[in-house]
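Under the working numbering, the first residue of the sequence shown carries the number 4, and numbering increases by one thereafter.
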Amino acid sequence: MFENTRNIIINGGTFTGHQHQHQHGPSSLNINNASKTAIDRLMEAASLGALHNSAERFDPPKCHPNTRTVVLQKLMDWFIGEFGWDNFALWLYGPAGAGKSAIAQTFAELCAKKNHLLASFFFSRSDVRQNNEGALVATLAYQVWLHVHESRPIIEAAINNNPAIFQLNFDTQFRALFLDPLLQLSSAGRFTSATPFPNLVIIDGLDECDGADVQNTILNTISKELQYHRSALPLRFLIASRPEYHLTTSFSVGPLRSLTFRLALDDTYHPDEDIRLYLTDSFCDIRKAHIMRDHLLDSWPSEKEIAKLVAKSSGQFIYAATVIRYVSSPRRNPLDRLKVIQGLLPFNDDRPYAQLDALYINILSDVEDIKAVLRILGVAIVLTDNTDDHIEPLGINELEKFMQLTPGILQLLLIDLLSVVDASDNNKPIKFLHASFTDFLIDPTRSRQFFIDPSKMHEEAAHFCISAITSLDIARPVQNYAYWSLLRHLRLAGPLHDNTTLREKIFKVPYIQHWTPDELTLRATSLDIARPVQNYAYWSLLRHLRLAGPLHDNTTLREKIFKVPYIQHWTPDELTLRAGPLQYRNGSLSEDPAMFLQFLQTSIFETIYFESKLRNLGKRKSSISIIAVFGIKDYADT
4 MFENTRNIII NGGTFTGHQH QHQHGPSSLN INNASKTAID RLMEAASLGA
54 LHNSAERFDP PKCHPNTRTV VLQKLMDWFI GEFGWDNFAL WLYGPAGAGK
104 SAIAQTFAEL CAKKNHLLAS FFFSRSDVRQ NNEGALVATL AYQVWLHVHE
154 SRPIIEAAIN NNPAIFQLNF DTQFRALFLD PLLQLSSAGR FTSATPFPNL
204 VIIDGLDECD GADVQNTILN TISKELQYHR SALPLRFLIA SRPEYHLTTS
254 FSVGPLRSLT FRLALDDTYH PDEDIRLYLT DSFCDIRKAH IMRDHLLDSW
304 PSEKEIAKLV AKSSGQFIYA ATVIRYVSSP RRNPLDRLKV IQGLLPFNDD
354 RPYAQLDALY INILSDVEDI KAVLRILGVA IVLTDNTDDH IEPLGINELE
404 KFMQLTPGIL QLLLIDLLSV VDASDNNKPI KFLHASFTDF LIDPTRSRQF
454 FIDPSKMHEE AAHFCISAIT SLDIARPVQN YAYWSLLRHL RLAGPLHDNT
504 TLREKIFKVP YIQHWTPDEL TLRATSLDIA RPVQNYAYWS LLRHLRLAGP
554 LHDNTTLREK IFKVPYIQHW TPDELTLRAG PLQYRNGSLS EDPAMFLQFL
604 QTSIFETIYF ESKLRNLGKR KSSISIIAVF GIKDYADT
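So this is what it looks like as structure tokens:
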């Protein structure tokens with residue numbers, strides 16, 4: 004009926020709706036496309052909010068004046084070829100909150116002023132148009148169309164020739180709308196002429212693009228196409244992201260490995276000095292501009308207070324920026340707000356770390372086995388929260404043994420947290436890249452479902468310590484840690500009388516089993532007092548006794564010595580014998596104080612004590628000389 008008719012206009016009439024619905028997938032075309040120009044469709048498909056100068060990104064993060072100067076110079080050196088032209092890509096990577104986006108924004112503005120910037124795209128996890136690859140190519144192509152006038156007819160023709168181009172996959176769009184137009188210009192001699200041309204492309208926050216597979220596709224497509232056409236297209240790509248495992252892998256294999264200059268935002272570039280300058284200048288601005296400026300002394304805050312904020316930042320600008328944003332509020336007293344940050348005043352209804360908390364919650368939400376990960380993080384926190392310098396922190400391999408985990412599992416479980424923790428070296432402890440991350444985890448008002456209860460983690464650590472102490476085949480560093488730290492974990496785990504399971508286990512530990520619960524509580528409370536003095540006392544007591552002369556001539560000392568827990572069951576003759584140069588199969592125990600302390604605390608000591616009731620001193624002396632500190636079986640065989 005309507006065959007060969009056009010421009011039909013229907014006036015009035017009744018339209019009847021039917022329940023049958025047609026679902027139009029990504030391949031369907033908008034019937035209105037015919038009335039739109041190619042550039043209209045390009046702008047519609049693009050996400051202009053992702054541009055470095057977009058109004059949607061009003062007041063984007065930028066480097067504070069005179070900060071990050073070394074990093075920015077490094078970027079410029081790479082761009083102008085100081086490191087060679089083979090590295091067409093630069094990967095700027097660092098932990099969450101390290102300031103990658105601020106650096107990318109500042110560098111984009113610098114290069115735009117010099118007509119070096121061809122295109123930019125700033126991913127944003129919170130924006131549905133900027134958290135996926137759907138608009139990436141269209142946005143880059145729009146900027147090529149804008150900055151290189153000769154490309155306009157080529158890009159418009161590509162859109163008109165394939166009206167479905169924006170529904171096709173990333174590879175196809177990249178070739179049709181970005182690569183091919185530039186190759187045609189290259190063939191026409193545009194890039195070899197005397198006329199300057201912009202050639203820098205900045206992609207920031209690649210890790211905020213939804214899906215690891217998509218992120219890898221973007222990298223692989225760019226690297227494959229530009230490697231093949233490297234001589235024809237003198238482009239430079241700056242890509243900024245967190246060092247997620249899949250991205251680190253992509254930049255470490257294939258063409259990207261040899262074509263990428265890697266720049267890590269680590270301590271190499273002295274971020275603490277930049278953070279100190281940022282804080283100093285920002286507090287100066289508050290003193291000058293805040294409505295309470297007449298009440299703010301020039302000495303506020305003190306250098307010591309700023310130093311503490313710098314330390315808390317852990318080299319990450321996001322913490323310092325969060326503090327300044329909170330303290331500078333014109334509706335609040337900045338003196339009180341800084342005290343809230345310092346923990347000197349309660350938060351009340353304030354949320355000073357809202358931005359930081361949102362970042363951490365977002366990171367933890369992507370973790371698959373969150374229960375296992377929080378358990379590992381919790382144990383790591385209570386193990387590293389130790390003021391005893393002589394206690395060596397457990398490396399990752401040792402922590403796995405301590406927690407009775409499958410070797411290698413710890414790094415697998417933490418793979419989604421590489422932006423906030425470093426677990427790359429098996430021989431080193433887990434490193435928290437943000438000091439504020441641990442504060443977040445142990446504060447239930449901030450971490451909510453990700454809260455880690457320190458007392459429960461100390462209880463878990465105490466269980467692990469007991470298992471390590473009673474094990475005969477566990478690594479010595481793990482057992483050393485267990486001996487030295489058990490009582491501290493018990494003290495911080497809460498009242499022992501409320502924990503039947505732990506109470507039953509603890510009184511089976513050899514050097515504790517003779518104590519009463521009250522004694523255990525007392526010893527656990529006082530253990531950390533004057534630790535260096537206590538260490539010396541444990542290690543040197545018997546040596547001093549031996550050199551002090553006959554014990555039977557000194558009534559006062561004799562009465563005191565037999566009140567010492569690990570000595571009180573000995574007879575005076577046994578004490579005299581043990582105060583001599585105890586020997587074991589590899590040398591003198593007195594030459595290794597740590598080993599001697601372990602000797603006193605192991606089940607071997609208990610065996611010696613009970614067998615002393617059955618053997619004479621001479622026979623016991625010969626037995627002691629062949630006992631291995633960790634080999635009770637060897638002793639039993641003698």
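A virtual CB, placed ideally from N, CA and C, is assigned to each residue, including glycine.
All values derive from a computational prediction rather than experimental measurement.
Among the options, nearest to residue i - alpha-carbon criterion
i, options, result
"Pro-480", "Leu-413, Leu-402, Asn-429 and Glu-463", "Leu-402"
"Ser-127", "Glu-308, Ile-206 and Ala-101", "Ile-206"
"Arg-132", "Ala-426, Ile-225, Ala-48 and Ser-244", "Ala-48"
"Phe-125", "Ala-105, Gly-497 and Asn-118", "Ala-105"
"Thr-504", "His-466, Lys-404, Thr-40 and Tyr-486", "His-466"
"Ala-383", "Asp-372, Pro-355 and Leu-413", "Leu-413"
"His-150", "Pro-184, Ala-267, Asp-284 and Gly-257", "Pro-184"
"Gly-100", "Ala-179, Phe-350, Ile-472 and Ala-243", "Ala-243"
"Leu-421", "Pro-156, Thr-251, Phe-177 and Val-204", "Thr-251"
"Ser-317", "Ser-255, Gly-97, Leu-415 and Ser-261", "Gly-97"
"Val-313", "Phe-177, Leu-282 and Val-385", "Leu-282"
"His-298", "Arg-335, Pro-64 and Ser-129", "Arg-335"
"Phe-264", "Arg-279, Ser-226, Asp-301 and Ser-190", "Ser-226"
"Ile-42", "Asp-428, Val-423, Ile-157 and Pro-258", "Ile-157"
"His-67", "Pro-457, Ala-324 and Ser-332", "Ala-324"
"Arg-193", "Leu-209, Ala-115, Ser-154 and Tyr-231", "Ser-154"
"Tyr-1", "Leu-386, Leu-143 and Lys-431", "No answer is possible for residue 1: the residues shown for the chain start at 4 and end at 641."
"Tyr-322", "Arg-233, Ala-438, Arg-290 and Ile-373", "Ala-438"
"Arg-245", "Tyr-231, Glu-211 and Ala-58", "Glu-211"
Supposed contact pair residue j and residue i - C-beta distance, whole angstroms, cut 8 angstroms
i, j, result
"Leu-93", "Leu-113", "15 angstroms between Cβ atoms; not a contact."
"Phe-286", "Pro-304", "6 angstroms"
"Glu-462", "Asn-502", "7 angstroms"
"Ile-469", "Ile-509", "6 angstroms"
Backbone secondary structure at residue i - three-state DSSP
i, result
"Arg-265", "strand"
"Ala-383", "helix"
"Lys-616", "Since pLDDT at Lys-616 reaches only 37, below the 50 mark, its modelled position is unreliable, and no value is offered."
"Ser-244", "strand"
"Asp-425", "strand"
"Cys-66", "coil"
"Phe-454", "coil"
"Lys-434", "strand"
"Arg-128", "coil"
"Arg-334", "coil"
"Arg-354", "coil"
"Leu-603", "Reliability of the predicted coordinates at Leu-603 is poor, the pLDDT of 47 falling under 50, and no value is obtained from them."
Endpoints, alpha helix (DSSP H) assigned at residue i
i, result
"Ala-41", "41-48"
"Leu-95", "Element bounds for Leu-95: not the alpha helix (DSSP H) but the beta strand (DSSP E), 92-96."
"Leu-203", "That residue, Leu-203, is in no alpha helix (DSSP H); its beta strand (DSSP E) goes 203-207."
"Pro-156", "155-164"
"Glu-462", "457-473"
"His-232", "Per DSSP, His-232 belongs to no alpha helix (DSSP H) and is neither H nor E."
"Gln-407", "Counting along the chain, Gln-407 falls outside any alpha helix (DSSP H), and DSSP gives it neither H nor E."
"Glu-276", "274-292"
"Cys-114", "103-116"
"Ser-488", "479-495"
"Ala-144", "139-150"
With 16 other Cβ atoms within 10 Å as the buried cut-off, status of residue i
i, result
"Met-460", "buried"
"Phe-453", "buried"
"Gly-346", "exposed"
"Asn-202", "buried"
"Arg-340", "buried"
"Phe-181", "buried"
"Thr-605", "The pLDDT assigned to Thr-605 is 46, lower than 50, so where the model puts this residue is not dependable, and the model offers no usable value."
"Lys-511", "exposed"
"Gln-407", "exposed"
"Phe-440", "buried"
"Tyr-145", "buried"
"Gly-102", "buried"
"Ile-379", "buried"
Delimiting residues of the beta strand (DSSP E) encompassing residue i
i, result
"Leu-81", "Looking at the sequence shown, residue 81 is not Leu but Trp. Run containing Trp-81: none in the beta strand (DSSP E); it sits in the alpha helix (DSSP H), 72-82."
"Phe-125", "120-125"
Test: residue i CB closer than 8 angstroms to a CB of chain C
i, result
"Gln-133", "Note that chain C does not occur in the displayed structure, where there is just one protein chain."
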